[in-house]
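Note that the UniProt record's numbering has the sequence shown beginning at 1, numbered continuously upward. Note that the Cβ used here is the ideal one computed from N, Cα and C, for glycine as well. All values derive from a computational prediction rather than experimental measurement.
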Amino acid sequence: MQSMIDYTKPTTFKCRKCRHLLFLEEQISNCHNEPLFPLTNDNQSCNPRSNVWYLREESFPDWVKEQVNDGNWMKGKIFCPFCKCRLGSFDFVSGNKCTCETHVLPPLHVVSCKLDYIVKTSLDETNVTESHTEQSSESNDLKAVLS
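So, in structure tokens, the structure goes:
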């Protein structure tokens with residue numbers, strides 16, 4: 001039985017190595033700086049199979065801002081704040097264009113294979129207590145990351 005995606009609950013992104021919560025869906029975009037989720041034909045970028053996702057500059061988490069500040073807002077790498085696994089990089093200097101040549105790429109990207117993303121389904125609320133405990137700890141992780 002296939003469950004329905006519940007778009008009222010945020011999709012979360014976790015480090016693939018340590019499984020700590022890093023981002024929410026509203027912080028991730030495609031190469032045209034459009035929301036990545038929900039995936040519809042309206043927001044498909046020119047490169048829909050891209051293995052790179054972009055972070056929206058206006059919603060960087062504090063730990064990302066700290067790493068960008070350490071790089072003097074020029075160029076550098078982004079690492080998981082918990083396990084130090086490399087997640088992506090940033091480049092505020094070059095202003096590269098996407099493959100369609102009409103949009104400038106957002107300056108900070110993460111490699112999709114370095115992240116796990118958890119799409120909330122309508123069945124998530126009906127799971128047993130173990131799942132509820134995991135969601136509660138996820139909420140605590142979310143509060144810590146976003147503060």
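| field | Residue environment, T102, which counts as buried when at least 16 other CB atoms sit within 10 Å | value | Residue numbering aside, residue 102 sits at position 102 when the sequence shown is read from its first letter. Per the 10 Å Cβ criterion, exposed.
| query | When burial is assigned at 16 or more other CB atoms within 10 Å of the CB, is W73 buried or exposed? | reply | The count along the sequence shown starts at 1 and reaches residue 73 at position 73. The residue is exposed, with fewer than 16 neighbouring Cβ atoms inside 10 Å.
| field | Start-end ranges of the beta strand (DSSP E) lying completely within the stretch 68-119, minimum 3 residues | value | 75-79, 86-91, 108-111 and 115-118
| message | With three or more beta-carbon pairs closer than 8 angstroms as the criterion, would you say the stretch 83-103 touches the stretch 18-31? | response | yes
| message | Below 8 angstroms on the Cβ atoms is my contact criterion, and I expect F90 with K75 to pass it. Report the Cβ-Cβ distance as a whole number of Å. | response | Your numbering for residue 90 matches position 90 in the sequence shown. Your numbering for residue 75 matches position 75 in the sequence shown. About 7 angstroms separates the two Cβ atoms, so the contact holds.
| query | Would K114 pass as a contact of V104 if the rule is Cβ separation under 8 angstroms? | reply | Here residue 114 refers to the residue found at position 114 when the sequence shown is read from its first residue. Here residue 104 refers to the residue found at position 104 when the sequence shown is read from its first residue. Taking 8 angstroms as the Cβ cut-off, K114 and V104 do not qualify as a contacting pair.
| query | Under the rule that 16 or more other beta-carbon atoms within 10 Å means buried, what is S29, buried or exposed? | reply | Within the sequence shown, numbered from 1, the residue matching residue 29 stands at position 29. The residue in question, S29, is buried, as its Cβ has 16 or more Cβ neighbours within 10 Å.
| Hey, how far is the Cα of T69 from the Cα of P106? | As a first step, residue 69 is located in the sequence shown; it is residue number 69 there, counting from the start. As a first step, residue 106 is located in the sequence shown; it is residue number 106 there, counting from the start. Sequence inspection shows Asn at residue 69; the Thr mentioned does not correspond to that position. Distance between the alpha carbons of N69 and P106: 17 angstroms.
| Taking the alpha carbon of D62 as the point to measure from, which residue in V111, F79 and F92 has its own alpha carbon closest? | Mapped onto the sequence shown, residue 62 falls at position 62. The shortest C-alpha separation from D62 is found at F79.
| request: Assign T126 to one of three DSSP states: helix, strand, or coil. | output: Your numbering for residue 126 matches position 126 in the sequence shown. Any reading at T126 must be qualified, since the residue scores a pLDDT of 35, below 50, and its modelled position is unreliable; no value is offered.
| query | By how many angstroms is the C-alpha of S50 removed from the C-alpha of V110? | reply | Against the sequence shown, residue 110 aligns to sequence position 110. Against the sequence shown, residue 50 aligns to sequence position 50. Looking at the two C-alpha atoms, the distance is approximately 11 angstroms.
| Euclidean distance between Cα positions of G95 and E66 | Along the sequence shown, one-based indexing puts residue 95 at 95. Along the sequence shown, one-based indexing puts residue 66 at 66. The alpha-carbon atoms of G95 and E66 are separated by roughly 21 angstroms.
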